[in-house]
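Peer 1: Pasting a structure here, questions to come.
2 protein chains.
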Amino acid sequence: MKIGELSRRTGASIRSLRYYEAQGLIAPLRESNGYREYSTLAEEQVRTIRFYLQLGLTTEQIAGFLNCVLSRPETFCTEVLPVYESKLADIEAQIAQLTRIRDNLTDRIASFRGESKQGEGVSKRDESSERR
Amino acid sequence: MKIGELSRRTGASIRSLRYYEAQGLIAPLRESNGYREYSTLAEEQVRTIRFYLQLGLTTEQIAGFLNCVLSRPETFCTEVLPVYESKLADIEAQIAQLTRIRDNLTDRIASFRGESKQGEGVSKRDESSERR
DNA sequence: CTTGACCCTGACATTAATGGCAGGGTGTAT
DNA sequence: ATACACCCTGCCATTAATGTCAGGGTCAAG
Numbered sequence: 001m002k003i004g005e006l007s008r009r010t011g012a013s014i015r016s017l018r019y020y021e022a023q024g025l026i027a028p029l030r031e032s033n034g035y036r037e038y039s040t041l042a043e044e045q046v047r048t049i050r051f052y053l054q055l056g057l058t059t060e061q062i063a064g065f066l067n068c069v070l071s072r073p074e075t076f077c078t079e080v081l082p083v084y085e086s087k088l089a090d091i092e093a094q095i096a097q098l099t100r101i102r103d104n105l106t107d108r109i110a111s112f113r114g115e116s117k118q119g120e121g122v123s124k125r126d127e128s129s130e131r132r
Numbered sequence: 133m134k135i136g137e138l139s140r141r142t143g144a145s146i147r148s149l150r151y152y153e154a155q156g157l158i159a160p161l162r163e164s165n166g167y168r169e170y171s172t173l174a175e176e177q178v179r180t181i182r183f184y185l186q187l188g189l190t191t192e193q194i195a196g197f198l199n200c201v202l203s204r205p206e207t208f209c210t211e212v213l214p215v216y217e218s219k220l221a222d223i224e225a226q227i228a229q230l231t232r233i234r235d236n237l238t239d240r241i242a243s244f245r246g247e248s249k250q251g252e253g254v255s256k257r258d259e260s261s262e263r264r
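If you're matching them up, the sequences are chains A and B in order. Okay, so the first sequence: first residue is 1 according to my numbering, each after it adds one. Okay, so the second sequence: first residue is 133 according to my numbering, each after it adds one.
Given below as structure tokens:
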């Protein structure tokens, strides 16, 4: 199957499919005219790649275990767990950070609604949050 | 005060101070030799800018209400509230998205620990999350 | 032979704030 | 005058996946 069809079948843009190849995630054959020829396995492979991308993993991380998870259940691939764990730590840190900001914003929005009375906690800034 | 001193006092890099100026957030005078001369008010101004940046606002958004909040309590500046509200919506969407991913990761990590028994929910992917 | 639907590579743009360099001027103390 | 600590502008880089050109082949149908 050629790249256009694979794109239609998987929802990945042609541009993305070429990018996955450049990142070493998929290696289609080439016809004599230079066109990429994808096997039928490619379809699942691309869906798998996209799934891991949705989890927020990078193509580099995915490349580290893709071959393994394509050939057996994920839990048999020892390379996967550390990636998940480090990603989870990332995400939790981000959530914590965003939650801090959200609470700060919520407070400040609330002080707009009830600003008619006192001025406590409104004009003085909260130096607690931090970024990157 | 010159830019180096302001940088030391506020913790903002010289590079950042020049950037804030380019974005219209602060307008120091110029000495005859071309050096920026900051008033003593600049120190609080920069801290205020940094505070809003920490809240995740962009320099453009900050520019929209900085003059106002520097001269009176935040709650008197009507330009501020809509920015807060839209940022809050942003943040909440991001938190929701990250939470979905986190739960997915947590599940998958858990299936590594308990993989000795059955294979339910392990090899089949979850197509529920989404990104950007 | 021309049209049109494919395919190819290579390159630049995107986002936002910041870091860092090159090349050069200023000012003060020795 | 020479060193040294400042300051200036302008420019490129950063991140990661994707979009989007330009300029060019391939191939089947008409």
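Just so you know, even glycine gets a beta-carbon here, dropped at the ideal spot from N, CA and C. Everything numeric in this text was worked out from a predicted model, so none of it was measured.
Name, please, each residue of chain B whose Cβ falls closer than 7 Å to the Cβ of Tyr84 of chain A.
Peer 2: Within chain B, the residues near Tyr84 of chain A are Leu237, Arg240, Ile241.
Peer 1: Report the option in B:Asp222, B:Thr142, B:Leu237 whose CA atom is closest to the CA atom of Leu98 of chain A.
Peer 2: Taking only the C-alpha atoms, the option nearest Leu98 of chain A is B:Asp222.
Peer 1: Is the CB-CB distance between Lys134 of chain B and Tyr167 of chain B below 8 Å?
Peer 2: Yes, Cβ-Cβ distance for Lys134 of chain B and Tyr167 of chain B is below 8 Å.
Peer 1: First and last residue of the alpha helix (DSSP H) that includes Cys68 of chain A?
Peer 2: Note, Cys68 of chain A: alpha helix (DSSP H), 59-71.
Peer 1: Check each residue of the stretch 198-209 of chain B: if its Cβ is closer than 7 Å to any Cβ of chain A, include it; give the result in chain order.
Peer 2: Residues Pro205, Glu206, Thr207.
Peer 1: Here's the rule: buried if 16 or more other CB atoms are within 10 angstroms of the residue's CB, otherwise exposed. What is Arg140 of chain B?
Peer 2: With fewer than 16 Cβ atoms within 10 Å of its Cβ, Arg140 of chain B is classed as exposed.
Peer 1: Leaving out the 5 sequence neighbours to the left and right, which residues in its chain are closer than 8 Å to Tyr152 of chain B when beta-carbon positions are compared?
Peer 2: Same-chain partners within the cutoff: Ala144, Ile158, Val178, Ile181, Thr191.
Peer 1: Do you know how far the Cα of Val83 of chain A is from the Cα of Cys152 of chain A?
Peer 2: Missing from the structure shown is residue 152 of chain A; chain A here goes from 1 to 132 and no further.
Peer 1: Would you tell me roughly how many angstroms separate the C-alpha atoms of Ala63 of chain A and Tyr38 of chain A, rounded to the nearest one?
Peer 2: Approximately 18 Å between the Cα atoms of the pair.
Peer 1: Starting from Glu224 of chain B, find everything on chain A with Cβ-Cβ shorter than 9 Å and list it in chain order.
Peer 2: The answer, in chain order, is Leu98, Arg102.
Peer 1: Whole angstroms are fine: how far does the CA of Ile101 of chain A sit from the CA of Met69 of chain A?
Peer 2: The residue asked about is misnamed: residue 69 of chain A is Val in this sequence, not Met. Near 37 Å, if we compare the C-alpha coordinates of Ile101 of chain A and Val69 of chain A.
Peer 1: What would DSSP say about Glu176 of chain B, mapped onto helix, strand or coil?
Peer 2: Of the three classes helix, strand and coil, the one that applies to Glu176 of chain B here is helix, per DSSP.
Peer 1: Figure out for me which residue from A:Gly56, A:Ala42, A:Leu66, A:Glu74 has the closest Cα to the Cα of Gly4 of chain A.
Peer 2: When only C-alpha atoms are compared, the closest one is A:Ala42.
Peer 1: Is the CB of Leu81 of chain A under 8 Å away from at least one CB in chain B?
Peer 2: Judged by the 8 Å Cβ criterion, Leu81 of chain A is in contact with chain B.
Peer 1: Given this structure, state the Cα-to-Cα distance separating Gln193 of chain B from Arg18 of chain A, to the nearest angstrom.
Peer 2: Near 37 Å, if we compare the C-alpha coordinates of Arg18 of chain A and Gln193 of chain B.
Peer 1: Specify, as a first and last residue, the run of the alpha helix (DSSP H) that Gly114 of chain A falls within.
Peer 2: Unbroken run through Gly114 of chain A: none, as it is neither H nor E.
Peer 1: Alpha carbon to alpha carbon, how far is Gly246 of chain B from Gly56 of chain A? Give it in angstroms, no decimals.
Peer 2: Distance between the alpha carbons of Gly56 of chain A and Gly246 of chain B: 24 Å.
Peer 1: Tell me the residue span of the alpha helix (DSSP H) that contains Leu6 of chain A.
Peer 2: Note, Leu6 of chain A: alpha helix (DSSP H), 3-10.
Peer 1: So, for Val212 of chain B: in the same chain, excluding its five sequence neighbours on each side, which residues have a beta-carbon less than 6 Å away from its beta-carbon?
Peer 2: Result list for Val212 of chain B: Phe197, Glu206, in chain order.
Peer 1: Indicate whether Ile227 of chain B and Ile109 of chain A have their beta-carbon atoms separated by less than 8 Å.
Peer 2: For Ile227 of chain B and Ile109 of chain A, no; Cβs fall outside 8 Å.
Peer 1: If the cut-off is 9 Å on Cβ atoms, which residues from the stretch 185-196 of chain B count as contacting chain A, listed in chain order?
Peer 2: Listed in sequence order: Leu185, Gln186, Leu187, Gly188.
Peer 1: Cβ closer than 8 Å: which chain B residues qualify as neighbours of Leu6 of chain A?
Peer 2: Result: empty, since nearest Cβ-Cβ is about 18 Å, beyond 8 Å.
Peer 1: Output, in chain order, the set of chain A residues within a Cβ distance shorter than 9 Å of Lys134 of chain B.
Peer 2: What Lys134 of chain B touches in chain A: nothing, since even the nearest Cβ is about 25 Å away.
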